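A short worksheet on the structure shown next.
Residue numbers (my numbering): 1072 to 1292.
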């Protein structure tokens, strides 16, 4: 492996993941939560955007995967990251209001099938159950967002039932949130959709297939 990598001078991340982090607009000194963080790539980028200040809570359901986040944070010397084990589909107890919350939820993974061809054999019954889990994670993550704060829902699938359907339901059932439109200079939108969402296809610069929807809790920071 490269010596520079071992020294923590960089980490590797797909373009789509970088765009997801940019949409969250994490700033130095903020309180940020990455609800489904492992293996940690997005947490690392967010911590860098925060200039390693403030606090970034990086959670995962499995202890072993939490270890991956901790190892990466140590290698990159990102001391603002606090990795821990939590079930993101359950309410967060003892965690204060957040400026930014990322819900990069478990999904069918159809957007990364070029790298993980075994995904095509995933049982359809399992895929059909995912939106219920995804919505639970989004709702519990939303409860952490302070007034004026941003919430980002993201997947690496192109399945509308896991993407736009979940995002639309959230807005319908949570009037305390509003769409947070965005622009991505240099990125061509190939799918017609609301301005607070984006679907990236692999033809978008060779990125993974990806979906994101951004919301803002009403009120002032």
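Ideal Cβ placement from N, Cα and C applies to all residues, glycine included.
From a predicted model like this one, the values you see are computed outputs, not experimental measurements.
Per DSSP, residue 1208 lies in no beta strand (DSSP E) segment; the continuous alpha helix (DSSP H) that holds it begins and ends at 1195 to 1213. In this structure the region 1186 to 1202 does not lie against the region 1261 to 1276, because fewer than three pairs of beta carbons, one per stretch, are closer than 8 Å.
Note: residue 1274 is not bridge-paired with any residue in the DSSP secondary-structure output. Per DSSP, reduced to three states, the secondary structure at residue 1153 is strand.
Judged by DSSP in its simplified three-state form, residue 1170 adopts strand. One alpha carbon belongs to residue 1286, the other to residue 1163, and they sit about 19 Å apart. Rounded to whole angstroms, the separation of the alpha carbons of residue 1078 and residue 1272 is 33 Å.
Sequence-distant partners of residue 1153 (beyond 5 residues in either direction) whose C-beta falls short of 6 Å from its own C-beta, in its chain, are 1128. A contact is defined here as three or more CB-CB pairs under 8 Å, and the region 1181 to 1189 fails this definition with respect to the region 1094 to 1107. CA-to-CA, the gap between residue 1219 and residue 1087 works out to about 25 Å. The shortest C-alpha to C-alpha distance from residue 1112 to any of 1168, 1091, 1280 is the one to 1091. Between the region 1165 to 1176 and the region 1142 to 1156, the count of Cβ pairs shorter than 8 Å is below three; the stretches do not touch. Taking 8 Å as the upper bound for CB-CB distance, residue 1149 and residue 1115 are in contact here, some 6 Å apart.
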